[in-house]
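Visitor: Let me begin by handing over the structure; questions about it come next.
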Amino acid sequence: MLHCLGATDTSIFGEFMSAMSTVYSYLLVIFGFSVVVFIHELGHFAAAKWAGVRVQAFAIGFGRRLMSFRQGIGFRFGSTEAEYRRRVDEVLIARGVATRDELNNPEGPAFEAERVAAGREMGLSETEYRFNVLPLGGYVQMLGQEDFVVDKTGELKVKADPDSFTNKPVGKRMVIVSAGVIMNLIFAAILFTIVNMVGMPQLSPVLGYVVENTPAGRAGLLPGDRILDINGDEIANFNDLMMRITLSDPDETLTMRVERDGKIVSPSPEIRPEFVEEREVRQIGVAPGETRRVWGVTFGDISAARPDELHEKDEIHSIVVDGKEMECRDAGVVRREMMRAEGRPIELIVKRPKHPETLTDEDLKQFDPPIETETRRVNVSAMWLPLPYDSNDRGGASLLGLVPRLTVIQATPGKSLDKAGVKAGDVIVKIGDYEYPTYSEFVNAIRKAGPGALSIQVRRKGLSRDGLSAAVVSFCVAQRERLIRAGIEDLKEARDVLADLARNAGIDEAGVAALNKELAEARTVDAWRKWFEKVDVLTLGPIKPEAPFALFSRPAATIDADVRNIDEDHLFVADVISKFGERVTPAQQSGLKRGAVILSVNDRPVRRWYELSHALAANAGKTVQIEYRLVNEITRTSFIVPASVQTSLGIGAEDRIVKVADKTQCVVRVADTLGGGFKEVSLSLPDWRAIEALLKENIGKTVAVEYVTPSGERKNGEYAVTAENTDPWPSRVQYYAMTFFCYPLVEWQSTPNPLKAFVAGVEQAHHATMSTIKTIRHMLFTRTVGVSNVSGPLGIAHKGSEVAQGGIIALFWFLGLISANLAVINFLPLPIVDGGLFLFLILEKIRGEPVSIKTQVATQLLGIALIATVFILVTYQDILRLVTGA
């Protein structure tokens, strides 16, 4: 009887096939790693045979012997060593060379030479080829490595045997010891050569998102920039870029050759990577380039997007600029146009799939896939994002001291905030006892709560509640301050104003009636105001803060979300920063208080933070009148807007200041994120901290300022510096966060010419080797690469399985990296590995005699203990990552 697959059956079958695919990829990685080990040991084996050393065993893996082979005996499960000895011993007994008791006496002669001679006569190999249970390593066992006797003084001595490893010249032993490493390097070059000839997709060395207030952002790098080389070293893909940054030396300046819109950026941006303590690595703040295909949105529910908003799987075709269509090559072009719009919406023309539900990620990652689409016009805008004056103050982002409320950029999937229902785009209204919390208060609330539950309230766009539709709630949000003001002035008249505004906004009579019903109990100004302030507030939770898993400590609860000071549609002041360094902020001078809602600037209404930012920038060097509401009182205050070099000279957000007073860099005192305290570093323009420092050096003077436009045009101006205008504050309020993200930009890289592919393969093997050496150096000495970034066997297998799912060529590339890594690790000057043995040979050559056996054994035991400790540590980290999903 035939059985038809239903929806449940199909799902189970799909899960089964996915699981089998994962198992297969793990098996591929284990097999590939075994091949890498085999190549390494083959080097030792071949060199030993060349040197005339008797090889007793060639093993892949450690632990119990699973299967072995000897020429003349064949494959056997278990041990063939006993079979070999039994056959040879029978010959020796038959010839009268030795009795059985002599052969079995452990304290008597070993008869090894006689056994080998008899075995050769019988056609039996002296080498046993073993496959052990754990395929995570291997070894070549040579005569003399574990063949000791005790002389009359009690000292361990190596037995005399001309075929012994220890009785060969130092030079030959050096060749044997280093042969495994050399074979690994050759194998890595061969694998990379194959990868180069066949080709494989690589992340393009093009920048996608450039993170605000990072070295890349301060240096003027933009989305869509292609990095060609760094300090003269060619950058072939995004992985090359990340490795060059991560493994740069502390305080090293990276000079980048950058291509933008087909032109070389001049002068070349100079960047100094910064150590990111949370990730224990040096970074500059860039993400990979993106295609034109929309993968998701940052804020809001993309499944409920309107027709005039971006949808998942839309392909951006062109941008409408000044009424004209401009073709879009990649998402970087769109991001730059959004930045130029400074928060205002821009129009895009997109190709929208007619049947998006039928498209998989693999379909959409293809270049120009054949998809049936329809053309749509949509509006997008960037999210205004201020920066802190102190880059280490995560919650200090402000507009001249005015701090917006916290908005959730992303809640970590499956973690405490996500489980509580918090979504990207939510504005945090209250958490625990903190109302409109600052970042430090947000962190304190979570950490003080411990494992207990924690309440949270958020503002959420598109919310419907208490019988009010989403359209009615959105109307109330849009008219919130106008209606609160009307209620403060005359509550009775405010109800009439509410009805008129609602009808004019297209709210039907049912919606108006529902509003009047909701507000019937709001008989006081307080109740009226509070209703409108809470109309889009949602109570979530409870949050149950989670601490990371640890065996030996009780760490604080983690902050399971990325939150920033962004709140676009409500000018609510969550905090007032009193000082920038030693200078009192304009916000503090104005007397504005925490909880104030800004209504207008010089009697011109402002509703969004980017509008306030523009209004203040337009009045730089002047004093403006700001009207604001604090609870039920509407007040005016004077706000002194400081002049700046940007506003005075008309320098735009994308323009780069490259010279101030004929200088391009200066020494600045900054926080030392690695060692604590402060340190002096040399910063290059256009870093805003360098601009401020150079202006402070020239207070009372008029300085020449040179800047470069995005098109490469150089412009000049003169700026009269005073003590009040040295802060280039527009640099901290001209960032805009993107509200969508696209699929990664991938390029097919191949070198069909075999000779060129081999040359490139050798270079890649050298690069992988040097990268491993640099990683170890930075871990041990400069401490700019944390141990948490190291993987053990479990982590390597997990990562390899993910790579293997991309195909056999991707696996070859991964194994090439592993082979180069293994070469370096094996040649470290540590006991038990090849490097330690090579070091002993160097000492023997210098001293004229070998290091004592006791010393060698002691150091090997020390090496075993050290390697076992490292193995336990990295395995613990691997398990922790797999369990927590970190």
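Under my numbering, the first residue of the sequence shown is numbered 8, with each subsequent residue one higher.
Just so you know, even glycine gets a beta-carbon here, dropped at the ideal spot from N, CA and C.
Can you have a look at P376 and say buried or exposed, based on whether 16 or more other CB atoms are within 10 angstroms of its CB?
Guide: Looking up residue 376 in the sequence shown gives position 369. Under this definition P376 is an exposed residue.
Visitor: Nearest to T779 by CA position, among I183, N833, P693 and V728, is which residue?
Guide: As a first step, residue 779 is located in the sequence shown; it is residue number 772 there, counting from the start. Nearest option by C-alpha distance: N833.
Visitor: If the criterion is Cβ atoms closer than 8 Å, does the pair V480 and R492 meet it?
Guide: Along the sequence shown, one-based indexing puts residue 480 at 473. Along the sequence shown, one-based indexing puts residue 492 at 485. Taking 8 Å as the Cβ cut-off, V480 and R492 do not qualify as a contacting pair.
Visitor: Can you give me the Cβ contacts of P352 inside the same chain, cut-off strictly under 6 Å, excluding the 5 residues immediately before and after it?
Guide: Indexing the sequence shown from 1 puts residue 352 at position 345. N386 and S388.
Visitor: Give the secondary structure of L9 by DSSP, where H, G and I count as helix, E and B as strand, and everything else as coil.
Guide: Along the sequence shown, read from residue 1 onward, the residue named residue 9 stands at position 2. For L9, the predicted model reports a pLDDT of 38, less than 50, meaning its position is unreliable; a value from the coordinates is still stated below. If DSSP states are grouped into helix, strand and coil, L9 belongs with coil.
Visitor: Among the residues of its own chain, which have a CB less than 8 Å from the CB of G339, if the five just before and after it don't count?
Guide: Walking along the sequence shown from the start, residue 339 turns up at place 332. The residues are V213, L214, G215, L229, P230, G231, D232, G296 and E297.
Visitor: With distances taken between CB atoms, is the gap from S605 to L637 smaller than 8 Å?
Guide: Residue numbering aside, residue 605 sits at position 598 when the sequence shown is read from its first letter. Residue numbering aside, residue 637 sits at position 630 when the sequence shown is read from its first letter. Rather than Ser, the amino acid found at residue 605 in this sequence is Ile. Contact flag unset, no.
Visitor: Look at the alpha carbon of M207 and the alpha carbon of T758, and state the distance between them as a whole number of angstroms.
Guide: In the sequence shown, the residue the question calls residue 207 occupies position 200. In the sequence shown, the residue the question calls residue 758 occupies position 751. Approximately 10 Å, taken between the alpha carbons.
Visitor: Taking 8 Å as the threshold (C-beta atoms), are S75 and F138 in contact?
Guide: On the sequence shown, residue 138 is found 131 positions in, with the first residue counted as 1. On the sequence shown, residue 75 is found 68 positions in, with the first residue counted as 1. Result yes, Cβ atoms of F138 and S75 sit closer than 8 Å.
Visitor: Contact defined as beta carbons within less than 8 Å: I believe S32 pairs with S808. What is the distance between those atoms, to the nearest angstrom?
Guide: By one-based count along the sequence shown, residue 32 stands at place 25. By one-based count along the sequence shown, residue 808 stands at place 801. Contact holds; Cβ gap of about 4 Å.
Visitor: Within its chain, find whatever has a CB closer than 6 Å to the CB of I816; leave out the 5 residues flanking it on each side and keep chain order.
Guide: Position 809 of the sequence shown, counted from the first residue, corresponds to residue 816. Closer than 6 Å at the Cβ level, and outside the excluded window around I816, lie V202, V205 and M207.
Visitor: Could you give the distance in angstroms between the alpha-carbon of I874 and the alpha-carbon of N238?
Guide: Taking the first residue of the sequence shown as position 1, residue 874 is located at position 867. Taking the first residue of the sequence shown as position 1, residue 238 is located at position 231. The alpha-carbon atoms of I874 and N238 are separated by roughly 36 Å.
Visitor: Is it true that the CB of Q209 sits closer than 8 Å to the CB of L150?
Guide: Locating residue 150 in the sequence shown gives position 143, where the first residue counts as 1. Locating residue 209 in the sequence shown gives position 202, where the first residue counts as 1. Cβ distance not < 8 Å, so L150 and Q209 don't count as in contact.
Visitor: Where R299 and Y441 are concerned, what is the direct C-alpha to C-alpha distance, given to the nearest angstrom?
Guide: Reading the sequence shown from its first residue, position 292 is the one you call residue 299. Reading the sequence shown from its first residue, position 434 is the one you call residue 441. Cα-Cα distance, rounded: 42 Å.
Visitor: Please list, in chain order, all residues of the same chain as R342 whose beta carbon is under 6 Å from its beta carbon, the five residues on each side excluded.
Guide: Here residue 342 corresponds to residue number 335 of the sequence shown, with the count starting at 1. So the qualifying residues of the chain are P230 and M745.
Visitor: State the Cα-Cα distance for the pair T642 and Y635, rounded to the nearest angstrom.
Guide: For the purposes of this step, residue 642 is taken as residue 635 along the sequence shown, with counting starting at 1. For the purposes of this step, residue 635 is taken as residue 628 along the sequence shown, with counting starting at 1. Computed Cα separation, rounded: 6 Å.
Visitor: Roughly how many angstroms separate the alpha carbons of P612 and A624, rounded to a whole number?
Guide: One-based indexing of the sequence shown puts residue 612 at position 605. One-based indexing of the sequence shown puts residue 624 at position 617. Roughly 15 Å between the two C-alpha positions.
Visitor: What number of angstroms, rounded off, separates the C-alpha of D108 from the C-alpha of L99?
Guide: By 1-based counting over the sequence shown, the position of residue 108 is 101. By 1-based counting over the sequence shown, the position of residue 99 is 92. Taking the straight line from one Cα to the other gives about 12 Å.
Visitor: Whole angstroms are fine: how far does the CA of V177 sit from the CA of K861?
Guide: Locating residue 861 in the sequence shown gives position 854, where the first residue counts as 1. Locating residue 177 in the sequence shown gives position 170, where the first residue counts as 1. Approximately 19 Å between the Cα atoms of the pair.
Visitor: Relative to the C-alpha of A603, which candidate in R614, A581 and R615 has its C-alpha closest?
Guide: Here the question's residue 603 lines up with position 596 in the sequence shown. Closest option to A603, Cα to Cα, is A581.
Visitor: Tell me the DSSP secondary structure of C673 in three-state form.
Guide: If you number the sequence shown from 1, residue 673 lands on position 666. Note: C673 maps to strand in three-state DSSP.
Visitor: Run through DSSP, which three-state label would I573 get?
Guide: As a working mapping, residue 573 is identified with position 566 in the sequence shown. Note: I573 maps to coil in three-state DSSP.
Visitor: Thinking C-alpha only, which one of I849, G50, G870 and T644 is nearest V3?
Guide: The structure shown does not extend to residue 3, since the chain is modelled only from 8 through 893, so no value can be given for it.
Visitor: Beta strand (DSSP E) containing S645: first to last residue?
Guide: One-based indexing of the sequence shown puts residue 645 at position 638. Its beta strand (DSSP E) spans residues E640 to I647.
Visitor: What is the rounded straight-line gap between the Cα of R601 and the Cα of T654?
Guide: For the purposes of this step, residue 601 is taken as the residue at position 594 of the sequence shown. For the purposes of this step, residue 654 is taken as the residue at position 647 of the sequence shown. In a straight line, the C-alpha of R601 is about 28 Å away from that of T654.
Visitor: Could you give the uninterrupted runs of the beta strand (DSSP E) lying entirely in the region 685-751, keeping only those of 3 residues or more?
Guide: Listed in chain order, the complete beta strand (DSSP E) runs (minimum 3 residues) inside the region 685-751 are 685-691, 709-715, 721-727, 742-744 and 747-751.
Visitor: So, for E661: in the same chain, excluding its five sequence neighbours on each side, which residues have a beta-carbon less than 6 Å away from its beta-carbon?
Guide: Translated into positions along the sequence shown, residue 661 becomes position 654. Contacts found: P717.
Visitor: What number of angstroms, rounded off, separates the C-alpha of E528 from the C-alpha of L461?
Guide: Taking the sequence shown and counting its residues from 1, one reaches residue 528 at position 521. Taking the sequence shown and counting its residues from 1, one reaches residue 461 at position 454. One C-alpha to the other measures close to 30 Å.
Visitor: For Y883 and E266, what's the separation of their Cα atoms in angstroms?
Guide: Here residue 883 refers to the residue found at position 876 when the sequence shown is read from its first residue. Here residue 266 refers to the residue found at position 259 when the sequence shown is read from its first residue. Those two C-alpha atoms are separated by around 43 Å.
Visitor: What are the boundary residues of the beta strand (DSSP E) that includes L637?
Guide: Taking the sequence shown and counting its residues from 1, the one referred to as residue 637 is at position 630. Note, L637: beta strand (DSSP E), T630 to L637.
Visitor: Taking C-beta to C-beta, are Y446 and R412 nearer than 8 Å?
Guide: The residue given as residue 446 occupies position 439 in the sequence shown. The residue given as residue 412 occupies position 405 in the sequence shown. No, they are not a contact pair.
Visitor: Measure from the alpha carbon of E260 to the alpha carbon of each residue in T253, I278, D268 and V272, then state which is nearest.
Guide: In the sequence shown, the residue the question calls residue 260 occupies position 253. The identity of residue 260 in the sequence shown is Thr, whereas the question assumes Glu. The shortest Cα separation from T260 among T253, I278, D268 and V272 belongs to I278.
Visitor: Alpha helix (DSSP H) containing A509: first to last residue?
Guide: Reading the sequence shown from its first residue, position 502 is the one you call residue 509. From DSSP, the alpha helix (DSSP H) with A509 extends over L498 to N511.
Visitor: With a cut-off of 8 Å on the beta carbons, I'd call W695 and P735 a contact; round off their distance for me.
Guide: By 1-based counting over the sequence shown, the position of residue 695 is 688. By 1-based counting over the sequence shown, the position of residue 735 is 728. Between P735 and W695 the Cβ distance is about 5 Å, and since that is below 8 Å, they are a contact.
Visitor: Terminal residues of the continuous alpha helix (DSSP H) containing E770?
Guide: What you label residue 770 is simply residue 763 of the sequence shown in a count that begins at 1. Note, E770: alpha helix (DSSP H), P761 to R784.
Visitor: Helix, strand or coil for K806 per DSSP?
Guide: Taking the first residue of the sequence shown as 1, we reach residue 806 at position 799. Reduced to three states, the DSSP call for K806 is helix.
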